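In the working numbering, the protein residues as written are 24 to 284.
Below is one structure, written out as structure tokens; comments come after it.
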Amino acid sequence: MTGKGQCFEKLCEIMHRLRSPGGCPWDREQTHSSLIKYLIEESYEVAEAIQEGDDPELVRELGDVLLQVVFHSEIASQEGRFTVEDVLQAICHKMIERHPHVFGDARVEDSDAVLKQWEQIKKKERGEDSSILEGIPKTLPALLRAERLQSRAAKVGFDWDHPQQIIEKIEEELSELKESLSQGQDRIEEELGDLLFTVVNLARFLKMDPENALQECNGKFIQRFQHIEERLRSQGSSVEIASLAEMDALWTDAKSAVKRR
Numbered sequence: 024m025t026g027k028g029q030c031f032e033k034l035c036e037i038m039h040r041l042r043s044p045g046g047c048p049w050d051r052e053q054t055h056s057s058l059i060k061y062l063i064e065e066s067y068e069v070a071e072a073i074q075e076g077d078d079p080e081l082v083r084e085l086g087d088v089l090l091q092v093v094f095h096s097e098i099a100s101q102e103g104r105f106t107v108e109d110v111l112q113a114i115c116h117k118m119i120e121r122h123p124h125v126f127g128d129a130r131v132e133d134s135d136a137v138l139k140q141w142e143q144i145k146k147k148e149r150g151e152d153s154s155i156l157e158g159i160p161k162t163l164p165a166l167l168r169a170e171r172l173q174s175r176a177a178k179v180g181f182d183w184d185h186p187q188q189i190i191e192k193i194e195e196e197l198s199e200l201k202e203s204l205s206q207g208q209d210r211i212e213e214e215l216g217d218l219l220f221t222v223v224n225l226a227r228f229l230k231m232d233p234e235n236a237l238q239e240c241n242g243k244f245i246q247r248f249q250h251i252e253e254r255l256r257s258q259g260s261s262v263e264i265a266s267l268a269e270m271d272a273l274w275t276d277a278k279s280a281v282k283r284r
């Protein structure tokens, strides 16, 4: 089969058959709500394929995400609410409307101007009396949502002047967390949240992605801990029976070993 239109139409036909009487029992049972976890999972798998530079895997994972779009559209179509054609028309309309410098007479100088124009158009769509924080999904991962909230506020001047101010705020929040811990207060979780939110603010101000930074740290932790496991196995031991002192010593060794790789 060749041609984008033919391939997309074939995918839609496959999903329609799966959802039809005599199709797949599992597919027929699914709802928008039951599919949420799969859409999120597939999106993360796309991100992983991109980070690993694995094009064949990226092709497969992008296909899985596209399947989710068709799946949700077929469910809505069977319920008489909207069709996949409505979805396609909506995104085409949005892309044209939000790129007047390409499809209209507007002029922009650089990508920063494009983003500013994009936000202005979104605000107009929401209404002039709407909050600038509207439209940020509650279901985003907390780190990402915090960064999005802070970025929106920064665009209207609600921001720090230099990173040292944020570092001082981090120290203040850490001090408040320590106080809550020492006094056994009920506000420990709140203070921890304040600390995390401020750390995200520092990452955003430094133009770094807090999610990527934490993922890099996760990867580093995995490498170092697996080094500990390997060393203990070579000694006829394991993490289950080794003492904390033994693991701490191997952790220090792992930090040097991972750097040498």
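C-beta atoms are modelled at their ideal positions from N, C-alpha and C, and glycine is treated no differently.
The structure displayed is predicted, hence computed values, not measured ones.
Beta carbon of Val131: closer than 6 Å to some heavy atom of the ligand HEM?
-> Judged by which ligands are present, the structure shown has none, so any question about the ligand HEM falls away.
From Cys240 to Val137, what does the alpha carbon distance come to, in whole angstroms?
-> 33 Å
With 16 other CB atoms within 10 Å as the buried threshold, where does Arg149 fall?
-> exposed
Backbone CA spacing between Ala70 and Arg210 [nearest angstrom] | 35 Å
Does DSSP classify Ala226 as helix, strand or coil?
-> helix
Phe31 lies in the alpha helix (DSSP H); which residues open and close that run?
-> 27-42
Just curious, the alpha helix (DSSP H) that Ser205 is in, first and last residue?
-> 186-206
Span of the alpha helix (DSSP H) around Glu239 = 233-257
Check Leu163 in the structure and name its three-state DSSP category.
-> coil
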